[in-house]
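Per the UniProt record's numbering, residue 1 is the first one in the sequence shown, and the count goes up by one each step.
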Amino acid sequence: MIDFISFPKSLIEFMIKIFSRYVSVGVINTLIHWGVFAVIIYYFDAKQSVANLISFFVAVTFSFFINAKFTFKSEATSFKYLIFVTFMGVMAFTTGKIADYLSIPGIATLIFFSGISLVLGFAYSNFVVFK
Numbered sequence: 001m002i003d004f005i006s007f008p009k010s011l012i013e014f015m016i017k018i019f020s021r022y023v024s025v026g027v028i029n030t031l032i033h034w035g036v037f038a039v040i041i042y043y044f045d046a047k048q049s050v051a052n053l054i055s056f057f058v059a060v061t062f063s064f065f066i067n068a069k070f071t072f073k074s075e076a077t078s079f080k081y082l083i084f085v086t087f088m089g090v091m092a093f094t095t096g097k098i099a100d101y102l103s104i105p106g107i108a109t110l111i112f113f114s115g116i117s118l119v120l121g122f123a124y125s126n127f128v129v130f131k
């Protein structure tokens, strides 16, 4: 069988290394996001869409600067921050809106958003923001 799509082993190893770093930052980012989300929901009785958006902004700012330096070894510019935050913010707010509409429990919203933001956030960061 002919292998039509063949990547050099070094490229695959490089992508795994970058993704591993991204996941490491993502774990801390997730703890920040979940903690702020919980405080807003339980102490301020806010809607999930609002809580998810605010907690997202706190966590995404941390994530952007750490990933720029540690993961992608790239300059953190205002433009890169703006496009990263916009993309991820739309995703965070949309996730919260859908959760509000469907009356999904907050923990399920957080788990779903954490998973989808890991995959889509990495792809967007790697191929658009920090390319």
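Every residue, glycine too, gets a C-beta built ideally from N, C-alpha and C.
Here the structure is a predicted model, which is why all the values come from computation and not from measurement.
Taking all protein chains shown into account, do 16 or more other C-beta atoms lie within 10 angstroms of the C-beta of residue i, making it buried, or fewer, making it exposed?
{"i": "Met1", "result": "Because the pLDDT at Met1 is just 47, under 50, the model does not fix this residue reliably, and the value given afterwards should be weighed accordingly. So Met1 counts as exposed."}
{"i": "Lys9", "result": "exposed"}
{"i": "Tyr22", "result": "buried"}
{"i": "Gly26", "result": "buried"}
{"i": "Phe4", "result": "Reliability of the predicted coordinates at Phe4 is poor, the pLDDT of 48 falling under 50, and no value is obtained from them."}
{"i": "Gly121", "result": "buried"}
Do you know whose CA, among the options, lies nearest residue i's CA?
{"i": "Ile41", "options": "Phe14, Gly96 and Met88", "result": "Gly96"}
{"i": "Phe57", "options": "Gly35, Phe70 and Val128", "result": "Gly35"}
{"i": "Ala59", "options": "Val85, Lys73 and Lys131", "result": "Val85"}
{"i": "Thr71", "options": "Glu13, Leu11 and Asn126", "result": "Asn126"}
{"i": "Val50", "options": "Leu110, Val25 and Val119", "result": "Leu110"}
{"i": "Lys73", "options": "Phe130, Val39 and Leu120", "result": "Phe130"}
{"i": "Ile98", "options": "Phe87, Thr61, Asn52 and Leu82", "result": "Asn52"}
{"i": "Gln48", "options": "Met15, Ala92, Phe87 and Ser24", "result": "Ala92"}
{"i": "Ser117", "options": "His33, Met15 and Tyr43", "result": "His33"}
{"i": "Ile28", "options": "Ser114, Glu13 and Leu82", "result": "Ser114"}
Can you tell me the Cα-Cα spacing of residue i and residue j, whole angstroms?
{"i": "Lys17", "j": "Ile107", "result": "30 Å"}
{"i": "Ile54", "j": "Phe37", "result": "8 Å"}
{"i": "Phe112", "j": "Asn67", "result": "21 Å"}
{"i": "Ala123", "j": "Phe65", "result": "17 Å"}
{"i": "Phe19", "j": "Lys69", "result": "14 Å"}
{"i": "Phe62", "j": "Phe87", "result": "16 Å"}
{"i": "Leu11", "j": "Thr30", "result": "28 Å"}
{"i": "Thr94", "j": "Phe14", "result": "32 Å"}
{"i": "Val39", "j": "Val90", "result": "21 Å"}
{"i": "Val128", "j": "Val119", "result": "14 Å"}
{"i": "Ala46", "j": "Leu82", "result": "26 Å"}
{"i": "Tyr43", "j": "Ser24", "result": "29 Å"}
Quiz prompt | Segment contact, 8 Å Cβ cut-off, at least three pairs: the region 67–82 with the region 101–119 | solution = no
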